[in-house]
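Accompanying notes for the structure given below.
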Amino acid sequence: MSGSAYSNSEGSLESIICHASQDESRNETQKQPWSKEEIEVALSKLPEGETALCVIPTLHGDALQKVLEEFQSVTINKSEDRKHSTSLPTDEIKQKTTVVDENRAANITIRGQLLAKWPNTCLLISSWLGHVEIVKALLEKGVPVSTRDNDGSNSEGSLESIICHASQDESRNETQKQPWSKEEIEVALSKLPEGETALCVIPTLHGDALQKVLEEFQSVTINKSEDRKHSTSLPTDEIKQKTTVVDENRAANITIRGQLLAKWPNTCLLISSWLGHVEIVKALLEKGVPVSTRDNDGRTPLHLAACTMSTKIVKELLKHGADPRKWDFEKKYTPLHCAAAAGCVATVTCLIKSGANVNAGRSPLYYAVLNNAVNCVEALLQAGASPNNPQFYGRMPLHVAAILGNVHCIRLLLDHRADVTMETENTKSTPLHLAAENGNAKCTRLLLKAGSKTETKNSSGQTAMHLATVAQSVKTIDMLISADAKVNAEDNEGRTPLHAAVSSARNSSAVVKILIKVCKLKFL
1 MSGSAYSNSE GSLESIICHA SQDESRNETQ KQPWSKEEIE VALSKLPEGE TALCVIPTLH
61 GDALQKVLEE FQSVTINKSE DRKHSTSLPT DEIKQKTTVV DENRAANITI RGQLLAKWPN
121 TCLLISSWLG HVEIVKALLE KGVPVSTRDN DGSNSEGSLE SIICHASQDE SRNETQKQPW
181 SKEEIEVALS KLPEGETALC VIPTLHGDAL QKVLEEFQSV TINKSEDRKH STSLPTDEIK
241 QKTTVVDENR AANITIRGQL LAKWPNTCLL ISSWLGHVEI VKALLEKGVP VSTRDNDGRT
301 PLHLAACTMS TKIVKELLKH GADPRKWDFE KKYTPLHCAA AAGCVATVTC LIKSGANVNA
361 GRSPLYYAVL NNAVNCVEAL LQAGASPNNP QFYGRMPLHV AAILGNVHCI RLLLDHRADV
421 TMETENTKST PLHLAAENGN AKCTRLLLKA GSKTETKNSS GQTAMHLATV AQSVKTIDML
481 ISADAKVNAE DNEGRTPLHA AVSSARNSSA VVKILIKVCK LKFL
């Protein structure tokens, strides 16, 4: 048997078998070139590295746009000194970047100057954190794409290495399963006029107290010129005292809470929709509060109700003319995205019947699959959602289902003609590659049955067999072998699945034995 098909630093097939049998007990743990901790420690040691690691994740939405505008107007530092950093303590920076609204202009300036004064640091860290807008802005300003961290090519490596580490592994866990986190939404709502007050008061309204507040509210005129920019909020502690006073002051208490609804109706409609308070939503809508009101990020009451699966409120809002096609200000999400991500099929169905676009943007179907919301996936597909619209980095819903091992979602997508040959942008991975890489044997079987090709290679020249051996999934390997997958296929560096099995951990011995057995049969 010739060893040429397996030649590289490990040598021939025989030497690999010897290597594996002599050291079957070793436990290889380093599957990535560097750990997350190694990279972040190295990045923190760059000039202003700790600061940038703290600040860059806070740049999104309106704040990001203002920082980028500030950055465009300044000259970048092209002689960035790597050896001498005058970093501010991270706690001080946190204070400077979370200052109150009246200092927001200074806050924006500080963050814009960070990009200008330490562009190399910011390029490396933005690449690591996946902040596309900042990377683009820095590159357009002429920051060298070949910039490196302090260890150069011998350790954490160049920008290309960091980008590779951050984006190449398309099978890693999706982090943003919801359009917005609970914390993001509640912070935004608290910044509305009397937002903190309303978030404190509205949950207390129920039973007899609610009825009396609504009666009080019916007798007053609502403020139709609510000023979004200038709030004279009472401190939350003071409001808590006023709304929890003893019984003898209950009448005054009711009046205060009724006036809150009347004076700040837009704020109260948004917050009541978020908190699922149907009675208050109805009362506000019947008083003529605009159903299209938004928070500072462009979320409507319909977005907020959809996020919390408040189907009754969704129906009430739609009845009063809410637009199910309305985007947030960044044009990323409609209410249907929120409902699909929340996994509420009743809300999804309701929105679809009211004219929601099932193929809008990074599609609602993508979010339903990401959250394994099988009923929502089925409802969206039946309503005409396309399973073949490329989404984030060219991934389709089928790629996501393969990564996560969502067998029922894969069945539904395949039943609606999802394309098993589509490749992702960065690594040219098919759904079969991703299922194999994650050791999802049942998904692998479904994809093979649907016509996935075992010999297709990704950008590294790896077949599904290479990836299944790295994942150490015996069941997936057996499945691929049954489909006549080539066990001696070489990747771009001449490595076969057997090389991958030997250098991997956990079930290495079992996987190597399977591959050796097949190799012997092939070459007899």
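The sequence shown begins at 1 in UniProt numbering and counts up one residue at a time. All C-beta atoms in this analysis are idealised placements derived from N, C-alpha and C, irrespective of residue type, glycine included. Computed from a predicted model, the values in this text were never measured in an experiment.
Task: Pro47 vs Trp118 beta-carbon contact at 8 Å - done: The sequence position of residue 47 within the sequence shown is 47, counting from 1. The sequence position of residue 118 within the sequence shown is 118, counting from 1. Closer than 8 Å, so yes.
- [ ] Have a look at Asp297, Ile39, His303 and Glu50 and flag the residue whose alpha-carbon is nearest the alpha-carbon of Gly276.
- [x] As a first step, residue 276 is located in the sequence shown; it is residue number 276 there, counting from the start. Closest option to Gly276, judged by alpha-carbon separation, among Asp297, Ile39, His303 and Glu50: His303.
TODO: Just the C-alpha distance for Arg111 and Val55, rounded to the nearest angstrom, thanks.
DONE: As a first step, residue 111 is located in the sequence shown; it is residue number 111 there, counting from the start. As a first step, residue 55 is located in the sequence shown; it is residue number 55 there, counting from the start. When only Cα atoms are considered, Arg111 and Val55 end up about 7 Å apart.
Task: Among Glu493, Gly439 and Lys475, nearest to Lys457 - alpha-carbon criterion - done: Here residue 457 refers to the residue found at position 457 when the sequence shown is read from its first residue. Ranking the options by Cα distance to Lys457, first place goes to Glu493.
Task: Selection from Tyr393, Thr221 and Leu370 that minimises the alpha carbon distance to Gly405 - done: Reading the sequence shown from its first residue, position 405 is the one you call residue 405. Each of Tyr393, Thr221 and Leu370 was checked against the Cα of Gly405, and the nearest Cα belongs to Leu370.
TODO: Look at the Cβ atom of Ala385, then the Cβ atom of Val348, and state whether they are nearer than 8 Å.
DONE: Position 385 of the sequence shown, counted from the start, is the residue given in the question as residue 385. Position 348 of the sequence shown, counted from the start, is the residue given in the question as residue 348. Cβ atoms of Ala385 and Val348: not closer than 8 Å.
Open item on the list: Once DSSP output is grouped into helix, strand and coil, what is the label at Phe217?
Closed with: Counting from 1 along the sequence shown, the entry for residue 217 is found at position 217. Three-state result, Phe217: helix.
Task: For Asn372 and Ile162, the rounded distance between their alpha carbons - done: Residue mapping note: residue 162 aligns to position 162 of the sequence shown, counting from 1. Residue mapping note: residue 372 aligns to position 372 of the sequence shown, counting from 1. In this predicted model, Ile162 has a pLDDT of only 49, less than 50, meaning its place in the structure is not dependable; the value taken from the coordinates is given anyway. The straight-line gap from Cα to Cα measures roughly 30 Å.
- [ ] Would you kindly check if the distance between the Cβ of Leu448 and the Cβ of Ile410 is under 8 Å?
- [x] For the purposes of this step, residue 410 is taken as residue 410 along the sequence shown, with counting starting at 1. For the purposes of this step, residue 448 is taken as residue 448 along the sequence shown, with counting starting at 1. In this structure, Leu448 does not lie closer than 8 Å to Ile410 by Cβ.
Task: Alpha-carbon to alpha-carbon, Ala306 and Pro265 - done: Counting from 1 along the sequence shown, the entry for residue 265 is found at position 265. Counting from 1 along the sequence shown, the entry for residue 306 is found at position 306. Straight-line Cα distance between these residues: approximately 20 Å.
Open item on the list: Please report the distance separating the alpha-carbon of Thr75 from that of Thr121.
Closed with: In the sequence shown, residue 75 corresponds to position 75, counting from 1. In the sequence shown, residue 121 corresponds to position 121, counting from 1. Each residue's alpha carbon lies about 16 Å from the other.
TODO: Would you mind working out which of Asn440, Gln65, Gln382 and Lys486 sits nearest Thr476, comparing C-alpha positions?
DONE: Residue mapping note: residue 476 aligns to position 476 of the sequence shown, counting from 1. Answer by Cα proximity: Asn440.
Task: Exposure of Glu37, with buried meaning 16 or more beta-carbon neighbours within 10 Å - done: Here the question's residue 37 lines up with position 37 in the sequence shown. Exposed, because fewer than 16 other Cβ atoms sit within 10 Å of the Cβ of Glu37.
Task: Exposed unless 16 or more other CB atoms sit within 10 angstroms - verdict on Ser363 - done: Residue numbering aside, residue 363 sits at position 363 when the sequence shown is read from its first letter. So Ser363 counts as buried.
Open item on the list: So, for Lys315: in the same chain, excluding its five sequence neighbours on each side, which residues have a beta-carbon less than 7 Å away from its beta-carbon?
Closed with: As a working mapping, residue 315 is identified with position 315 in the sequence shown. Closer than 7 Å at the Cβ level, and outside the excluded window around Lys315, lie Cys350.
Open item on the list: Let me make sure I understand the geometry here. Which of Met422, Asp491 and Leu115 has the alpha-carbon closest to that of Leu64?
Closed with: By 1-based counting over the sequence shown, the position of residue 64 is 64. Out of Met422, Asp491 and Leu115, Leu115 has the C-alpha closest to the C-alpha of Leu64.
TODO: Taking only the alpha-carbon atoms, compute the straight-line gap between Glu455 and Asp295 and give it to the nearest angstrom.
DONE: Here residue 455 corresponds to residue number 455 of the sequence shown, with the count starting at 1. Here residue 295 corresponds to residue number 295 of the sequence shown, with the count starting at 1. C-alpha separation (whole angstroms): 51 Å.
TODO: From the DSSP output, in three-state form, read off Glu194 for me.
DONE: In the sequence shown, counting from the first residue as 1, residue 194 sits at position 194. Glu194: coil per DSSP, three-state reduction.
Open item on the list: In the DSSP assignment, the alpha helix (DSSP H) including Glu133 goes from what residue to what residue?
Closed with: By 1-based counting over the sequence shown, the position of residue 133 is 133. DSSP places Glu133 inside the alpha helix (DSSP H), whose first and last residues are Val132 to Glu140.
Task: Secondary structure of Asp208, DSSP reduced to three states - done: On the sequence shown, residue 208 is found 208 positions in, with the first residue counted as 1. In the structure shown, Asp208 adopts helical secondary structure according to DSSP, grouped into three states.
Open item on the list: For Thr421, count the other beta carbons within 10 Å of its own beta carbon; 16 or more makes it buried, fewer makes it exposed. Which is it?
Closed with: In the sequence shown, counting from the first residue as 1, residue 421 sits at position 421. Around the Cβ of Thr421, a 10 Å sphere holds fewer than 16 other Cβ atoms; the residue is exposed.
TODO: Express the C-alpha separation of His60 and Trp327 in angstroms, rounding to a whole number.
DONE: Along the sequence shown, read from residue 1 onward, the residue named residue 327 stands at position 327. Along the sequence shown, read from residue 1 onward, the residue named residue 60 stands at position 60. Going by C-alpha positions, Trp327 is about 17 Å away from His60.
TODO: Return yes when the Cβ of Val291 is within less than 8 Å of the Cβ of His320, no when it is not.
DONE: Working through the sequence shown from its first residue, we reach residue 320 at position 320. Working through the sequence shown from its first residue, we reach residue 291 at position 291. Going by C-beta atoms, His320 is nearer than 8 Å to Val291.
Task: Spatial distance of Tyr366 from Val278 (CA atoms) - done: To locate residue 366, count along the sequence shown from 1; it is residue 366. To locate residue 278, count along the sequence shown from 1; it is residue 278. Whole-angstrom Cα-Cα distance: 29 Å.
- [ ] Report the residue from Pro397, Ala346, Leu205 and Ser354 whose alpha carbon sits nearest the alpha carbon of Ala368.
- [x] Counted from its first residue, the sequence shown places residue 368 at position 368. Among Pro397, Ala346, Leu205 and Ser354, the Cα nearest to that of Ala368 is on Pro397.
Task: Through-space distance from Arg257 to Thr427, alpha-carbon basis - done: Locating residue 427 in the sequence shown gives position 427, where the first residue counts as 1. Locating residue 257 in the sequence shown gives position 257, where the first residue counts as 1. Rounded to the nearest angstrom, the two C-alpha atoms are 57 Å apart.
Task: Ala493 - DSSP class collapsed to helix/strand/coil - done: For the purposes of this step, residue 493 is taken as the residue at position 493 of the sequence shown. Looking at the sequence provided, one finds Glu at residue 493 rather than Ala. Of the three classes helix, strand and coil, the one that applies to Glu493 here is coil, per DSSP.
- [ ] Could you work out which residue in Leu434, Ala341 and Ser473 is closest to Ser181 when comparing CA atoms only?
- [x] Walking along the sequence shown from the start, residue 181 turns up at place 181. Minimum Cα distance to Ser181 is reached at Ala341.
Task: Cα-Cα separation, Val502 to Ala188 - done: For the purposes of this step, residue 502 is taken as residue 502 along the sequence shown, with counting starting at 1. For the purposes of this step, residue 188 is taken as residue 188 along the sequence shown, with counting starting at 1. Whole-angstrom Cα-Cα distance: 51 Å.
Open item on the list: With a threshold of 6 Å on Cβ separation, who are the neighbours of Ala52 within its own chain once the five nearest residues in sequence on each side are excluded?
Closed with: Counting from one through the sequence shown, the residue named residue 52 turns up at place 52. Here the set comprises Thr121, Cys122 and Ile125.
- [ ] Grab me the residues of Ile134's own chain with a C-beta within less than 6 Å of its C-beta, minus the 5 sequence neighbours each way, in chain order.
- [x] In the sequence shown, the residue the question calls residue 134 occupies position 134. Leaving aside the five residues that flank Ile134 on each side, the residues in its chain whose CB is nearer than 6 Å to its CB run, in chain order, Ser126.
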